[in-house]
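*Asks:*
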Amino acid sequence: MNTSSQQTTRLYHTPLSPFSRKVRLVLAEKKIEVELVEERYWENNSELLRRNPAGMVPVLRHDGRLMSESQAICEYLDETVPQPALMPKSPAERYEVRRLCAWFDDKFNREVTRPILEERVWKKITRSGHPDSRAVKAGLKAIKDHIDYLTSLLETRRWLAGSALSLADFTAAAHFSCLDYISDVDWDRSEILTSWYATIKSRPAFRGILADQIPGIHPAPHYAELDFG
Ligand SMILES: N[C@@H](CCC(=O)N[C@@H](CS)C(=O)NCC(=O)O)C(=O)O
0 MNTSSQQTTR LYHTPLSPFS RKVRLVLAEK KIEVELVEER YWENNSELLR RNPAGMVPVL
60 RHDGRLMSES QAICEYLDET VPQPALMPKS PAERYEVRRL CAWFDDKFNR EVTRPILEER
120 VWKKITRSGH PDSRAVKAGL KAIKDHIDYL TSLLETRRWL AGSALSLADF TAAAHFSCLD
180 YISDVDWDRS EILTSWYATI KSRPAFRGIL ADQIPGIHPA PHYAELDFG
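Okay, structure coming up:
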């Protein structure tokens, strides 16, 4: 009998969505088998609205539930599949992980990921006009300050939020990997950030997203290379 809680875990996602990638990385890190279903959220999609009234990806079907909001999903997965742990033990350390997740999902996304992907990827896929070079330039200018800030964190920490690998690293890596697909990260700006990304990118959990091929948008030559920069 196939009761709802025995259903296959399924992720409705979009390949170059940083929020989808964050959930894919966490599922892979925790070795949770998942079936990926690609969602074209920009097409009027009543099924997506039924699964998530906010009309956004990712949506995870898991444990008999339909779940949305990447941070909530990842924290749920971390609580229900505790190993390897992606949230630290103390409230102060967990605070720092959540602060950095919000940094990427709010600020970095607003200033860098979304404008650059919108202009360079989504307009092409949805055939909705030419890239606005001013918006791309603003994103590429903003990423410099972010790289400098992350470099300053990594000067005193092994991982972004402290001494242990955490959800903050996967959240950041999800955003960087989308930009790296189209070669929009100036890795020469920071050796320490490049080394952090090379380390996280070489984890088995990263294999799935490194194999992504978006029709009509070729990945940068170094995108799937483990030794780069
Ligand atoms: N806070 C949400 C953000 C998800 C999100 O913005 N997803 C984008 C794709 S990257 C989306 O589905 N956009 C469709 C829309 O806004 O209508 C999360 O963390 O899951």
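Residue numbering for the sequence shown follows numbering that gives the first Met the number 0, beginning at 0 and increasing consecutively. Think of the CB as a built atom: it goes at the ideal place given N, C-alpha and C, for glycine as much as any other residue.
(1) Within the continuous alpha helix (DSSP H) that includes Y180, where are the two ends?
(2) How would you write the range of the beta strand (DSSP E) that L159 sits in, first residue to last?
(3) For Y40, verify whether its CB is less than 8 angstroms away from any heavy atom of ligand 1.
(4) Thinking C-alpha only, which one of V135, K122, A137 is nearest G215?
(5) Comparing alpha-carbon positions, which option in W41, S45, E68, S132 lies nearest L10?
(6) Can you tell me whether Y222 is helix, strand or coil according to DSSP?
(7) Put I115 into one of helix, strand or coil per three-state DSSP.
(8) Within the chosen definition, does the segment 42–56 reach the segment 204–215 through at least 3 CB pairs nearer than 8 angstroms?
(9) Please return the same chain residues whose Cβ sits closer than 6 angstroms to the Cβ of I142, not counting the five positions on each side in sequence.
(10) Under 8 angstroms, with one C-beta from each stretch per pair, do the segment 29–36 and the segment 185–193 reach the 3-pair mark?
*Replies:* Judging by the given coordinates:
(1) 166–180
(2) Note, L159: premise wrong, no beta strand (DSSP E); not H, not E.
(3) yes
(4) K122
(5) E68
(6) coil
(7) helix
(8) no
(9) V111
(10) no
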